[in-house]
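**Q** Counting from 1, position 37 in the sequence shown corresponds to residue 37 in full-length UniProt numbering; the numbering is continuous, with no gaps.
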Amino acid sequence: MTTDQANLDGIEVAANYLKLLSSTARLRIAFLISDEELSVSEISERLDGALSQSALSQHLTRFREAGVVQTRRASQAIYYRLASDDVQRVLETIASLGRAQN
């Protein structure tokens, strides 16, 4: 693979992460699970019920399909946590951009 091809592949990966995080709801969820492992009900509570259970599940499914979260089942609850260092770095960059605007 040439350097140009590697750069193009990296751009494609970055674009996919940005698409994944382009939803305000998914971005909020990503920030929540970047700090700690949370159950679906805990995520819903921290979002102050802004999303229906169905919508939240759809967003979490997108994260699972993208391979950026890890899950753990405990009894009836499923816990989520961010499992991608790349996405963590994107979130840190977004947070620093937000601080720069204030």
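A virtual CB, placed ideally from N, CA and C, is assigned to each residue, including glycine.
1. Any chance you could list the beta strand (DSSP E) runs of at least 3 consecutive residues sitting entirely within the UniProt domain "HTH arsR-type" (6-102), in chain order?
2. Rank R26, D35, R89 and R46 by C-alpha distance to the C-alpha of L60 and give the top, closest one.
3. When the Cβ atoms of the stretch 61-69 are set against those of the stretch 90-102, are three or more pairs found closer than 8 Å?
4. Report buried or exposed for L13, applying the criterion of at least 16 other Cβ atoms within 10 angstroms of its Cβ.
5. For a quick check, are the C-beta atoms of V69 and A83 less than 8 Å apart?
6. Suppose contacts are defined by Cβ-Cβ distances below 8 Å. Is S44 in contact with L51 by that definition?
**A** Inspection of the coordinates gives the following:
1. 69-74 and 77-82
2. R26
3. no
4. The sequence shown places Val at residue 13, rather than the Leu named in the question. V13 comes out exposed.
5. yes
6. yes
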